[in-house]
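Reviewing the structure listed below.
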Amino acid sequence: MKDKIQMNQLCILGAYFGEDLNKIEAAWQVKPDVYGDNNTTLFTYCTTDAYQAMGCYNLLCSGFIQINREIAMGASISLVSTFQNSQYDISILV
Numbered sequence: 002m003k004d005k006i007q008m009n010q011l012c013i014l015g016a017y018f019g020e021d022l023n024k025i026e027a028a029w030q031v032k033p034d035v036y037g038d039n040n041t042t043l044f045t046y047c048t049t050d051a052y053q054a055m056g057c058y059n060l061l062c063s064g065f066i067q068i069n070r071e072i073a074m075g076a077s078i079s080l081v082s083t084f085q086n087s088q089y090d091i092s093i094l095v
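Mapping of the sequence shown onto our numbering: residues 2 to 95, in sequence order.
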């Protein structure tokens with residue numbers, strides 16, 4: 002699955018005027034070329050200029066404060082839902 006991505010995300014858009022896009026993403030993804038494995042990883046991403054120069058992940062974002070200690074941003078999620086088996090959920094507040 003090299004160079005492929007599986008993702009589910011929640012996006013919050015602040016403004017969009019040409020290259021002035023303010024966006025926060027909270028999502029999970031499986032991306033082996035980035036993480037080196039096929040694990041599901043929870044992440045946040047932020048941009049204030051439509052991905053032109055500013056963009057950051059997780060705790061690398063200036064001003065990002067994680068208040069939940071149960072799930073680390075950028076870490077693998079060990080319990081994942083599978084078809085016709087156990088189902089799990091994660092509450093995300095942005």
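All C-beta atoms in this analysis are idealised placements derived from N, C-alpha and C, irrespective of residue type, glycine included.
Tell me, to the nearest whole angstrom, how far the beta carbon of residue i is from that of residue j; I am working on the premise that it is less than 8 Å.
i: S79; j: Q88; result: Going by Cβ atoms, the distance from S79 to Q88 rounds to 15 Å, so no, they are not a contact pair.
i: T42; j: Y36; result: 6 Å
i: A27; j: V95; result: 5 Å
Let me see if you follow: with CB-CB separation under 8 Å, is residue i close to chain C or not?
i: A76; result: In summary, chain C is missing from the structure at hand, where a single protein chain is found.
Could you tell me which of the options sits nearest to residue i, measuring between CA atoms?
i: C62; options: I93, T49 and N69; result: T49
i: N40; options: W29, C47 and Y46; result: W29
i: E20; options: S77, A73 and M55; result: M55
i: E71; options: G64, I91 and L14; result: I91
Cβ atoms of residue j and residue i: under 8 Å apart, would you say?
i: Q67; j: L60; result: yes
i: I25; j: C57; result: no
Margin query: Suppose only complete runs of 3+ residues qualify. What are the beta strand (DSSP E) ranges in the segment 18-48, listed by chain order?
Written below: 21-31 and 41-48
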